[in-house]
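**Student:**
In my numbering, the protein residues as written are 206 to 426.
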């Protein structure tokens, strides 16, 4: 998994530029990338990408501006890409002054043809401008790279302790433990709770986990 705190400030419509992080194999061949860029002259429009593969052969997991053309303008937030086996996921989110993530895009993809399975051995940071256009403000403030190890039945991971507060928000695909972002510990094969109109059933497993309180509120009245 790769997580990066990235800045891509483009409030000045005249500015252009990009900030990207590439995952390379042992032979410096691109395995995947995450990026944020504004390639529009005289228009502020940040575009986010999460990609498996390289420029010649790839699959775009995320490739958009967010909900609106201005969703990720003046970007300061997280770029996330992960691969476990042939499963890929991407995530782009803004980070507020309290350290919470919002305005998020999360996407999943299964590489059923096993086309992008090379071992990641290098990380390259790429920040650039476009031709003679004024450069936007771009920076990478933090990078975390982790290897996900497969657990056996005897290797049960402990991700929380007694008294910890775990918050799972299905509306923006966020997970927090004691207020801190914890999206990286999510089981890659799991999905978020979806509440549909009408009757819903929520099951807790294992059944001996202890006391569990479930509360909800109506989103709209």
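Ideal placement from N, C-alpha and C gives every residue a C-beta, glycine not left out.
With distances taken between CB atoms, is the gap from residue 299 to residue 220 smaller than 8 Å?
**Tutor:** No, these two residues do not count as a Cβ contact at 8 Å.
**Student:** Using CA atoms only, rank isn't needed, just tell me which of 274, 283 and 243 is closest to residue 210.
**Tutor:** The option with the nearest alpha carbon to residue 210 is 283.
**Student:** Going by Cα to Cα distance, which pick from 390, 371 and 347 is closest to residue 418?
**Tutor:** Checked all of 390, 371 and 347; the closest Cα to residue 418 is 371.
**Student:** Among 335, 387 and 375, which one has its Cα closest to the Cα of residue 398?
**Tutor:** For residue 398, the nearest C-alpha among the options comes from 375.
**Student:** Return the Cβ separation of residue 216 and residue 279 in integer angstroms, given the expectation that the two are a contact with Cβ distance under 8 Å.
**Tutor:** About 5 Å separates the two Cβ atoms, so the contact holds.
**Student:** Helix or strand or just coil, what does DSSP make of residue 348?
**Tutor:** The answer is strand: DSSP assigns residue 348 an E or B state.
**Student:** Starting from residue 382, follow the beta strand (DSSP E) in both directions and report where the run begins and ends.
**Tutor:** Its beta strand (DSSP E) spans residues 379 to 382.
**Student:** With distance defined between alpha-carbon atoms, name the residue in 311, 351 and 249 nearest to residue 256.
**Tutor:** Looking at the Cα atoms, 311 is the closest of the given residues.
**Student:** Can you tell me the Cβ-Cβ gap for residue 330 and residue 345, rounded? I've got them flagged as a contact below 8 Å.
**Tutor:** Residue 330 to residue 345, Cβ: 5 Å. Contact.
**Student:** Quick one: is the Cβ of residue 227 within less than 7 Å of any heavy atom of the ligand COA?
**Tutor:** The ligand COA is not part of this structure, which contains no ligands at all.
**Student:** On a Cα-Cα basis, can you pick out the residue from 270, 323 and 212 that is closest to residue 258?
**Tutor:** With distances taken between Cα atoms, residue 258 lies closest to 323.
**Student:** Residue 236 to residue 319, Cα distance in whole Å?
**Tutor:** Those two C-alpha atoms are separated by around 12 Å.
**Student:** Since residue 399 sits in a beta bridge, which residues does DSSP pair it with?
**Tutor:** According to DSSP, residue 399 bridges with nothing at all.
**Student:** From the DSSP output, in three-state form, read off residue 159 for me.
**Tutor:** Given that the chain is displayed from residue 206 to residue 426, the structure contains no residue 159 and the question cannot be resolved.
**Student:** Between residue 254 and residue 240, is the Cβ-Cβ spacing less than 8 Å?
**Tutor:** Taking 8 Å as the Cβ cut-off, residue 254 and residue 240 qualify as a contacting pair.
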